[in-house]
Amino acid sequence: MSSILIRDLVKRHGAQVTVDRVSLEIGQGEFVAFLGPSGCGKTTTLRMIAGLTEASAGSIHFGTREVTNLPPYLRDAGLVFQGYALFPHMSVAENVAFGLQMRKVDRAEVRRRVDEALSLVKLAHLAGRLPKELSGGQQQRVALARAIVYKPEVLLLDEPLSALDAKLRTEVRTELRRLQSALGLTTIFVTHDQDEALSVADRIVVMSAGRVEQVGTPREIYQRPATRFVAEFIGLTNLFPGGLEGPGRFRCESGECFSTGSTDVPPNASVLAIRPEHVSLLRDDPAPGGACALAATVEDVIYRGALTEFVVRTASGAKLAAHLQNTDLGRDELRPGDRVIASWPADAPMLF
Amino acid sequence: MSALAITGEDSLTGGQPAPGCPGRRRRRSTAGWLLFPSLTLVLAGLILPLALMARTSVAHFDAASPDLAGFTLDNYVRFFGEPFYLMILARTLVVALSCTAICLVLGVPAAFVISRVESRALKTVLILATIIPLLMGNAVRAAGWMVLLADKGLINSALLSAGLIAEPVRILYTGSAVVIGLIAVLLPFMVISLESVFENIGTAYEEAAQTMGAPPWTAFFRVTLPLAMPGIFSGCLLCFVLAMNAYATPVLIGGPSFQMMAPKVFEQAIKVYNWPFAATIALVLMAVTLALSVASSLALQKRYGVL
Ligand SMILES: Nc1ncnc2c1ncn2[C@@H]1O[C@H](COP(=O)(O)OP(=O)(O)OP(=O)(O)O)[C@@H](O)[C@H]1O
Ligand SMILES: [Mg+2]
Chain A
2 MSSILIRDLV KRHGAQVTVD RVSLEIGQGE FVAFLGPSGC GKTTTLRMIA
52 GLTEASAGSI HFGTREVTNL PPYLRDAGLV FQGYALFPHM SVAENVAFGL
102 QMRKVDRAEV RRRVDEALSL VKLAHLAGRL PKELSGGQQQ RVALARAIVY
152 KPEVLLLDEP LSALDAKLRT EVRTELRRLQ SALGLTTIFV THDQDEALSV
202 ADRIVVMSAG RVEQVGTPRE IYQRPATRFV AEFIGLTNLF PGGLEGPGRF
252 RCESGECFST GSTDVPPNAS VLAIRPEHVS LLRDDPAPGG ACALAATVED
302 VIYRGALTEF VVRTASGAKL AAHLQNTDLG RDELRPGDRV IASWPADAPM
352 LF
Chain B
35 MSALAITGED SLTGGQPAPG CPGRRRRRST AGWLLFPSLT LVLAGLILPL
85 ALMARTSVAH FDAASPDLAG FTLDNYVRFF GEPFYLMILA RTLVVALSCT
135 AICLVLGVPA AFVISRVESR ALKTVLILAT IIPLLMGNAV RAAGWMVLLA
185 DKGLINSALL SAGLIAEPVR ILYTGSAVVI GLIAVLLPFM VISLESVFEN
235 IGTAYEEAAQ TMGAPPWTAF FRVTLPLAMP GIFSGCLLCF VLAMNAYATP
285 VLIGGPSFQM MAPKVFEQAI KVYNWPFAAT IALVLMAVTL ALSVASSLAL
335 QKRYGVL
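Order-wise, the sequence lines are chains A and B. The numbering of the first sequence is the working numbering, which starts it at 2 and goes up by one. The numbering of the second sequence is the working numbering, which starts it at 35 and goes up by one.
As structure tokens, then:
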């Protein structure tokens, strides 16, 4: 188990820069998620850390050991591939034993640790099967057991849950998180599923077009996104393009004028963002003339059980999404066509 | 061809059997009709001549009349009774097996390297270079070897003028020359078929092995090679069968002093007009090739599962 230190990592494919000056520090035993849209360079970064792809520039350290130019078999990383890559000609037990055999662990010890790893992922009873005789979820767990059995310095997971259905996915990721903290493994978990990243990671690295957009805890990433990309990519966001008009006031292109609230405002802000769950809809204006309220018409209502999603249209024609918790059983129901006042707390707006 | 047609039809109906049986039955009979042309070809082109040959091989030989007559096992008795013919069979087997073994040893690394070349352009060039020997006819190629290997050929003249040898070394018309000549034809087949095998296996398994601590050689021998085994076997089989039945190369490079089975069949049929004995030699050649192929594939199946 060691920390990972990545400095100015670059990967060029011909003229195209796939990974662009990524710098990152991951603590010992930390669980970090790489999150980003498809093709943003997550797999490429992970492969460079594992040594399967050569870095064009930059350096990678595991603890104090520099591994930048080390071949993969000398790096001591555990990797779970996007497609698992279980050896089809070896049984589950042989697959798991492989890494130990490469480390010249003696036979009895190999057997003991394979059993241990397989029971850790609850697959001890399937040790003799071939990978093709397992379900997707079981294969995934074998791949995991195979990667952790030799206690690698770093554990790298490339969308390990993408082949599983929603329920199994939640189950396995909880299990994964439990295992990871029990063994204290420094882990990088690649995903393009934001729920997954938010719910399991200690910290999230949001990537876009080969670049790191933001690094932070799930709470920081969601509540204080550093860039417009992060705000749009994580969760739903209402965006109002426009510009600052005097201190504390933001003029939208559509004409409305909002208070920028108490958050620190970048001087050249060009867009104001509000999370739908911060918007409340009322029939009467609570504080007439307030800067954080505007008249609108309900356009669409989607009942989702725990919450209801509304789309309202303001007088100037801008669309606004609002998510309201269904806590008030007796609340009078808003219907399409109803006139409402949309408002939000003064510190809800985010500016980029 | 027919399999494709059936799949196509199934996917049109979304893979759902049409309600009731008649639809299904009609579809099956359609597929049957699609098989008809190829079946006819196989029947007319393979089974009939084989049957005819089997009949010929047990006929009396009468130089005066070409008609098939009588029933006798004399031809087989002659083949298996005379050491001369058994020697030819043994020689053919040794040549075919050595060619296969050498092609295997040379072909596996070459195919693997080509399959792992990253640049598309370089890969195309390498594959083309591999199959260039196949672009010229057998006879032309053999003539080339003759120029190179003859007593007064290029190699001998070079060695002589360099003073390395006092008199020409006999290379042409020896077993080694035949093996070399055959390898030049067979190696491209081996490399091309293995290249696609390695290509299909992909790099993911090797990479997985390497991240788990296996150096490239270990990853190759523990993971890639076992996975390629069925394909390697097919490649070897192809080489072996082609070498067993080789004609032009043994005739031209082996000459009269190094006789093999296929040229012998030709000689008996065309030069001696002994069709019954020619048929016998041909059938023995086929039976031995088939028996060895089946036996080896069964042995490998036991070791590596379904091939
Ligand atoms: N060998 C290569 N040659 C050229 N371009 C490549 C190569 N490998 C990756 N790329 C490019 O690099 C970019 C990043 O790819 P990468 O596989 O890292 O994306 P990703 O973030 O893992 O996406 P996904 O979520 O779909 O897995 C893509 O635009 C891809 O086309
Ligand atoms: Mg990827």
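Don't be surprised by glycine CBs; every beta carbon is placed ideally from N, CA and C.
- Closest in C-alpha terms to Thr315 of chain A, from the list A:Asn239, A:Leu245 and A:Asp329, comes A:Asn239.
- Of A:Ser281, A:Gly243, A:Trp345 and A:Pro153, the smallest CA-CA separation from Pro268 of chain A is found for A:Gly243.
- Ala243 of chain B is positioned such that its CB atom lies closer than 8 Å to that of Ala253 of chain B.
- Following the DSSP letters along the chain, one finds Gln215 of chain A inside the beta strand (DSSP E) bounded by residues Arg212 to Gly217.
- For Pro89 of chain A, the C-beta contacts it makes with chain B under 9 Å involve Tyr239 and Leu261, in order along the chain.
- In the three-state reduction of the DSSP assignment, Gln17 of chain A falls in the strand class, which pools E and B.
- Here the alpha carbons of Pro248 of chain A and Val81 of chain A stand approximately 51 Å from one another.
- In the structure shown, Leu162 of chain A adopts coil according to DSSP, grouped into three states.
- Look at Ser92 of chain A here: in three-state DSSP terms it is coil, with no helix or strand label.
- About 14 Å separates the CB atoms of Val212 of chain B and Thr134 of chain B; that is not less than 8 Å, and the two are not in contact.
- Annotation: Gln335 of chain B has no Cβ neighbours in chain A at a cutoff of 8 Å; minimum Cβ distance is about 14 Å.
- Segment contact: the stretch 214-225 of chain B against the stretch 67-79 of chain A, fewer than three CB-CB distances shorter than 8 Å; contact not assigned.
- One thing to note: Val155 of chain A has its Cβ within 8 Å of the Cβ of Ser3 of chain A.
- Separation of Phe259 of chain A and Arg250 of chain A (C-alpha to C-alpha, rounded to the nearest whole angstrom) is 6 Å.
- A distance criterion of 7 Å places the beta-carbon of Glu300 of chain A beyond contact range of ligand 2, judged by its closest non-hydrogen atom.
- Nearest C-alpha to Ala58 of chain A among A:Val23, A:Ala34, A:Ala86 and A:Val312: A:Val23.
- Out of A:Val312, A:Asp301, A:Ala307 and A:Glu278, the CA that lies nearest to the CA of His324 of chain A is found in A:Glu278.
- Annotation for Lys157 of chain B indicates a beta carbon at 7 Å or more from all heavy atoms of ligand 1.
- When Cβ pairs closer than 8 Å are counted between the two stretches, the stretch 119-136 of chain B is seen not to touch the stretch 179-193 of chain B, the count staying below three.
- Contact annotation for Phe82 of chain A against chain B: Ala238, Glu241 and Ala242 [CB-CB distance below 8 Å, chain order].
- With fewer than 16 other Cβ atoms inside 10 Å of its own Cβ, Leu86 of chain B counts as exposed.
- Closer than 7 Å to some heavy atom of ligand 1: that describes the Cβ of His193 of chain A.
- Met180 of chain B: member of the alpha helix (DSSP H) spanning Asn172 to Leu183, first to last residue.
- Separation of Pro222 of chain B and Leu140 of chain B (C-alpha to C-alpha, rounded to the nearest whole angstrom) is 10 Å.
- Here the stretch 175-184 of chain B does not lie against the stretch 261-280 of chain B, with fewer than 3 beta-carbon pairs under 8 Å apart.
- Chain-ordered, the residues whose CB falls short of 5 Å from any heavy atom of ligand 1 come out as A:His14, A:Thr19, A:Ser39, A:Gly40, A:Cys41, A:Gly42, A:Lys43, A:Thr44, A:Thr45 and A:His193.
- Within the chosen limit of 7 Å, ligand 2 does not reach the beta carbon of Gln17 of chain A with any heavy atom.
- Not one beta carbon of chain A lies nearer than 8 Å to the beta carbon of Val147 of chain B.
- Secondary-structure assignment with DSSP links Ser260 of chain A through a beta bridge to A:Arg250.
- Here Val285 of chain B carries a helix assignment [DSSP, helix/strand/coil].
- Sequence-ordered contacts of the stretch 41-56 of chain A with chain B read Arg48, Ala51, Gly52 and Leu53 [C-beta pairs closer than 9 Å].
- Annotation: the continuous beta strand (DSSP E) that includes Tyr304 of chain A extends over Ala294 to Tyr304.
- Judged by beta-carbon spacing, Thr298 of chain A lies within the 8 Å limit of Gly338 of chain A, meaning their Cβ atoms are closer than that value.
- Per the coordinates, the alpha-carbon of Phe311 of chain A lies some 24 Å from the alpha-carbon of Ile222 of chain A.
- Closer than 8 Å at the C-beta level to chain B, one finds no residue of the stretch 116-131 of chain A.
- Nearest C-alpha to Phe105 of chain B among B:Phe113, B:Ser327, B:Ala93 and B:Val111: B:Ala93.
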